[in-house]
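Numbering follows this note's numbering, with no gaps: position 35 of the sequence shown is 48. Let me begin by presenting the structure, written as structure tokens, before commenting on it.
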Amino acid sequence: MADADLQLFSSTKERRRYTDLADFYAIIKATEHLEKAYARDAIDEARYEKACLKLISQFKSSESALKLGGGIEDASSFIAEWRMDCPRARDRLVRCGAPATVLHATDAGDASETVRVAECVQHFITAMDALKLDQRAVDEVQPLVADLAAGLGRVPHVPCAAGKAALAKWLVQLNAMRASAEIDDEQARQLSFDLDCAYSEFHRDLAGRH
């Protein structure tokens with residue numbers, strides 16, 4: 014093999030597969046580093062949330078493509094096969110599917126409280142209307158629930174504890190489903206009920222402050 018090149022790939026398709034696997038690996042590792050930085054308070058909440066949402070989107074897109082092409086069974090098996098030490102990334106990407114700032118109350122930032130409340134009300138209405146219009150696809154419902162959870166977490170001094178817990182539970186449940194899957198009628202009814210309860214709790218907590 015004096016002048017012969019080492020052939021790592023036998024075809025363009027195989028080269029693309031390994032490139033996609035490497036990109037998927039990099040997304041998971043980047044998420045682990047981001048979560049560690051956030052835990053150490055080395056990055057502010059706005060930058061963390063923006064970066065995390067981008068990584069989650071890239072992760073979902075890459076995982077779907079790899080599963081469709083037979084490159085991986087799922088993310089959990091990929092992490093196990095490559096012996097990746099990434100507990101934070103696995104929790105964020107595989108289990109939760111949403112930034113920590115969405116699942117937990119955060120600083121309201123520069124926007125006024127009135128603006129935050131108005132945004133949250135709009136998120137409630139949008140999510141509830143979507144279900145009334147029979148939107149059932151996970152890739153339609155999950156972003157609405159995530160936006161609502163994020164908006165609720167940004168309204169200062171409004172506990173809405175039960176509502177936040179219900180939304181967090183739904184995010185985990187929806188994230189465990191395929192993007193192309195649909196929630197059934199029973200799930201849609203339960204989600205509608207939980208949204209109604211959370212909306213009522215939100216208004217009660219707002220009224221209780223005055």
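Where a beta carbon is used, it is the ideal one built from N, C-alpha and C, also for glycine.
Is the separation between the beta-carbon of residue i and that of residue j shorter than 9 Å?
| i | j | result |
| --- | --- | --- |
| Thr159 | Val115 | In the sequence as displayed, the identity of residue 159 is Ala instead of Thr. In contact: Ala159 and Val115 (Cβ atoms closer than 9 Å). |
| Leu68 | Leu34 | no |
| Arg103 | Val151 | no |
| Ile40 | Phe72 | yes |
| Glu214 | Cys173 | yes |
| Tyr61 | Ala113 | yes |
| Ala181 | Arg149 | no |
Would you call residue i buried or exposed, if buried means 16 or more other Cβ atoms sit within 10 Å of its Cβ?
| i | result |
| --- | --- |
| Arg96 | exposed |
| Thr127 | exposed |
| Cys65 | buried |
| Glu94 | exposed |
| Ala17 | Confidence in Ala17 is poor, its pLDDT being 49 and thus under 50, which makes the residue's placement unreliable; the coordinate value appears in the next sentence. Looking at its Cβ environment, which holds fewer than 16 other Cβ atoms inside 10 Å, Ala17 is exposed. |
| Lys177 | buried |
| Cys210 | exposed |
| Glu76 | buried |
| Leu146 | exposed |
| Tyr51 | buried |
| Arg53 | exposed |
| Phe206 | exposed |
Can you list, in chain order, the residues of its chain with a C-beta nearer than 6 Å to that of residue i? Leave out the 5 residues immediately preceding and following it.
| i | result |
| --- | --- |
| Ala15 | Low confidence applies here, because Ala15 scores a pLDDT of 45, under 50, leaving its location unreliable; read the following figure in that light. Cβ within range, chain order: n/a, list empty. |
| Lys42 | none |
| Ser70 | none |
Near residue i, what residues of its chain come up, given a Cβ to Cβ distance below 8 Å and the 5 sequence neighbours on each side ignored?
| i | result |
| --- | --- |
| Leu184 | Cys109, Gly110, Ala111, Val115, Leu116, Gln155, Val158, Ala159, Ala162 |
| Arg129 | Ala121, Gly164, Arg167, Val168, Pro169 |
| Asp87 | Glu76, Lys80 |
| Asp218 | Val171, Pro172, Cys173 |
With distance defined between alpha-carbon atoms, name the residue in the options nearest to residue i.
| i | options | result |
| --- | --- | --- |
| Gln203 | Ala220, Ala179, Tyr38 | Ala179 |
| Thr139 | Tyr212, Ala220, Ala39 | Tyr212 |
| Glu4 | Ala189, Leu144, Val107 | Only positions 14 to 223 of the chain appear in the structure, and residue 4 is not among them; the question remains open. |
| Glu199 | Leu144, Asp36, Glu132 | Leu144 |
| Ile85 | Ser23, Tyr38, Ala181, Asp142 | Tyr38 |
Flag residue i as yes when its Cβ comes closer than 8 Å to any non-hydrogen atom of the ligand FAD, and as no otherwise.
| i | result |
| --- | --- |
| Asp142 | This structure lacks the ligand FAD; in fact it carries no ligand of any kind. |
Tell me which residues share the same chain as residue i and place their Cβ nearer than 7 Å to its Cβ, disregarding the 5 neighbours each side in the sequence.
| i | result |
| --- | --- |
| Ser24 | none |
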